[in-house]
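Structure first, commentary second.
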Amino acid sequence: MQSFDPSADRLRAVSKRRRSLLKRGGKCAAAALALAAALLAGPVSAHPLAPSLLDVRLAPDGIAEVIFKTPSMRPTGTSIEPLLPAHCREVDVPRAREEGTAAIFELRFDCGESGLVGHEIGFTGLSESRTNALLRVELPDGQVVRTVLHGDQPRLRVPAEPGWIETARDYLGLGFGHILGGVDHLLFVAGLLLLVSGVRMLVETITAFTIGHSVTLSAAALGWAQVPSGPVEVAIAVSILWLAVEIVSRHSGSPTSAWRRPRSMAGGFGLLHGFGFAGALSEIGLPQTEIPLALASFNLGIELGQLAFVGALIAAAWALRKVRLTLPDWSRTAAAYAIGSLAAFWMFERAAGLL
Numbered sequence: 003m004q005s006f007d008p009s010a011d012r013l014r015a016v017s018k019r020r021r022s023l024l025k026r027g028g029k030c031a032a033a034a035l036a037l038a039a040a041l042l043a044g045p046v047s048a049h050p051l052a053p054s055l056l057d058v059r060l061a062p063d064g065i066a067e068v069i070f071k072t073p074s075m076r077p078t079g080t081s082i083e084p085l086l087p088a089h090c091r092e093v094d095v096p097r098a099r100e101e102g103t104a105a106i107f108e109l110r111f112d113c114g115e116s117g118l119v120g121h122e123i124g125f126t127g128l129s130e131s132r133t134n135a136l137l138r139v140e141l142p143d144g145q146v147v148r149t150v151l152h153g154d155q156p157r158l159r160v161p162a163e164p165g166w167i168e169t170a171r172d173y174l175g176l177g178f179g180h181i182l183g184g185v186d187h188l189l190f191v192a193g194l195l196l197l198v199s200g201v202r203m204l205v206e207t208i209t210a211f212t213i214g215h216s217v218t219l220s221a222a223a224l225g226w227a228q229v230p231s232g233p234v235e236v237a238i239a240v241s242i243l244w245l246a247v248e249i250v251s252r253h254s255g256s257p258t259s260a261w262r263r264p265r266s267m268a269g270g271f272g273l274l275h276g277f278g279f280a281g282a283l284s285e286i287g288l289p290q291t292e293i294p295l296a297l298a299s300f301n302l303g304i305e306l307g308q309l310a311f312v313g314a315l316i317a318a319a320w321a322l323r324k325v326r327l328t329l330p331d332w333s334r335t336a337a338a339y340a341i342g343s344l345a346a347f348w349m350f351e352r353a354a355g356l357l
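First residue of the sequence shown: 3, per our numbering; consecutive thereafter.
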């Protein structure tokens, strides 16, 4: 007669339930990532609403040299215009030119003895455009004011001397906004979630990616390493496409190098993505008196945005599991194909832009 061991049956039942939950959780995570890929794929550009830039340099005689840079292609009804104090009058005919995908306008204003300190500078149309704008103001004494403006705060009152708190806040916001606006970087992070199994390995893999892009971002911002932005953007798209192929191979039962060594892979591609992050920082520059603070704040902003994105995906997966949504096993592969298709489009689009 076969003996009955209730404890063994209980262990088998618990083990079976655990495997079921893990499988369901993996499918829910894949569903969340597929949904994210579909939503992010809406605008086909990796940076659909690039920030405008207003650079104002005030001479001792009150003449302000103004450079306004804005994307030449914008959705209807989202025009952004620079806004200077009322006492500043335009003295020359504006000069305009095209540079890549941006329209650049050069203007001159006479602000007289009133200058710019204590007066507001900013933009009109930021609320409708739903994007950020970068403002740089250089005063006659060499003091430079930099900030990030948005729909809720479209103007800045120029201070006599900005404090370190304002510098940290502004660069933190710039980094946070850049990562959340960079769909290509977000899809790479989403791909890591699809490739890696286990919480510990996922944390270590994303940490390796973070360390990698922090190193090259800092090196590029400090002028220690300079790489042309065009080839970097093409290479970033290739890295996402390669990761998508690795995900498909991994879930079809073929072990891949990325799956066996995800931390090395993520750290290596992080070095590449860091040069992409440096592009936004180069637009506005770093305050010469507070370079370490501004650079650290920008880096921290990127990490906070990255954590917010990962947290949103995990929350979406948890919500889908709560409603007991059951998906087929090919859902992960479908999400990888969505990511890879978008990456392939960017690769060809960016490569064509180099010709």
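Glycine included, every Cβ here is placed at the ideal spot set by N, Cα and C.
Bridge partners - residue i, DSSP secondary structure assignment
| i | result |
| --- | --- |
| Ser54 | Ala135 |
| Leu356 | Bridge partners of Leu356: none, in fact. |
| Lys324 | The partner list for Lys324 (beta bridge, DSSP) is empty, contrary to what the question assumes. |
| Ile65 | Asp112 |
| Pro73 | Ala104 |
| Leu85 | Gly124 |
| Leu60 | Ala66 |
| Glu206 | Bridge partners of Glu206: none, in fact. |
| Ala98 | Phe107 |
| Arg91 | Asp112 |
Proximal residues to residue i (C-beta, below 7 Å), its chain only, five neighbours per side dropped
| i | result |
| --- | --- |
| Met349 | Val236, Ala239, Val240 and Leu243 |
| Arg91 | Phe111 and Asp112 |
| Leu24 | Any reading at Leu24 must be qualified, since the residue scores a pLDDT of 38, below 50, and its modelled position is unreliable; the value itself is stated next. Nothing listed; no residue qualifies. |
| Glu305 | Thr212 |
| Thr258 | Glu248, Ser251 and Arg252 |
| Leu158 | Glu122, Ile123, Gly124, Leu137, Thr149 and Leu151 |
| Leu174 | Ser299, Leu302 and Gly303 |
| Glu371 | Absent from the model: residue 371. The displayed extent of the chain is 3 to 357, so no value can be given. |
| Asp172 | Arg148, Thr149 and Val150 |
| Glu206 | Arg265 |
| Lys324 | none |
| Ala210 | Arg265, Ala268, Gly269 and Gly272 |
Between the CA atoms of residue j and residue i - distance to the nearest angstrom
| i | j | result |
| --- | --- | --- |
| Trp365 | Gly184 | Nothing about residue 365 can be reported from this structure: the residues present for the chain run from 3 to 357 only. |
| Val198 | Asp94 | 58 Å |
| Pro233 | Val217 | 19 Å |
| Phe311 | Leu288 | 26 Å |
| Ala38 | Phe279 | Reliability fails at Ala38, whose pLDDT of 49 lies under 50, so the model's placement of it is uncertain and no value is given. |
| Ala354 | Glu67 | 34 Å |
| Ala319 | Pro264 | 22 Å |
| Arg202 | Ile249 | 19 Å |
| Gly127 | Leu297 | 29 Å |
| Glu285 | Gly313 | 29 Å |
| Gly114 | Lys71 | 25 Å |
| Gly276 | Phe300 | 12 Å |
| Ser129 | Ala104 | 20 Å |
| Val16 | Ile341 | Model confidence at Val16 stands at a pLDDT of 40, short of 50, so the residue's coordinates are unreliable; what they give is reported in the following sentence. Straight-line Cα distance between these residues: approximately 35 Å. |
| Arg138 | Ala260 | 42 Å |
| Gly117 | Glu108 | 19 Å |
| Leu283 | Ala223 | 7 Å |
| Ala338 | Ala345 | 10 Å |
| Ala227 | Ser220 | 9 Å |
| Asp143 | Val119 | 12 Å |
| Val58 | Ala317 | 43 Å |
| Leu315 | Asp63 | 54 Å |
| Glu100 | Gly255 | 50 Å |
| His187 | Pro73 | 20 Å |
| Leu141 | Val160 | 10 Å |
| Ser343 | Leu356 | 21 Å |
| Ser54 | Gly272 | 26 Å |
| Ala321 | Ile167 | 38 Å |
| Gln155 | Arg326 | 42 Å |
| Leu56 | Ile106 | 10 Å |
| His180 | Val229 | 19 Å |
| Ile69 | Gly165 | 25 Å |
Own chain, CB closer than 8 Å to residue i, minus 5 neighbours either side, in chain order
| i | result |
| --- | --- |
| Leu204 | Leu194, Leu195 and Val198 |
| Ile208 | Val191, Leu194, Ala268, Gln308 and Val312 |
| Thr169 | Arg148, Pro289, Glu292, Leu295, Ala296 and Ser299 |
| Arg352 | Gly232, Glu235, Val236 and Ala239 |
Proximal residues to residue i (C-beta, below 6 Å), its chain only, five neighbours per side dropped
| i | result |
| --- | --- |
| Ser231 | Gly281 |
| Leu182 | Gly307 |
| Leu42 | For Leu42, the predicted structure reports a pLDDT of 47, less than 50, and the residue's modelled location is therefore unreliable. A value from the coordinates is still provided. Contacts found: Val185. |
| Leu13 | Residue placement at Leu13 is poorly supported in this model, since its pLDDT is 39, which falls under 50; the coordinates still yield a value, given next. Counting only Cβ-Cβ distances below 6 Å, and skipping sequence neighbours, we find nothing. |
| Pro87 | His121 |
| Gly214 | Gly269, Gly272 and Leu273 |
| His89 | Ser116 |
Residue-chain proximity (residue i, chain D), Cβ-Cβ < 9 Å
| i | result |
| --- | --- |
| Val150 | The displayed structure is made up of one protein chain only, and chain D is not part of it. |
**Prompt:** At what residue ranges does the segment 108-173 contain a whole run of the alpha helix (DSSP H), taking only runs of 4 or more?
**Reply:** 128-131
**Asked** Would you call the segment 127-135 and the segment 144-164 touching, i.e. three or more CB-CB distances under 8 Å?
**Response** yes
**Request:** For the segment 217-253, list the alpha helix (DSSP H) runs that are entirely contained and at least 4 residues long, ordered along the chain.
**Result:** 231-253
**Prompt:** Can you give, in chain order, each stretch of the alpha helix (DSSP H) that sits fully within the segment 256-318 and has at least 4 residues?
**Reply:** 259-262 and 264-286
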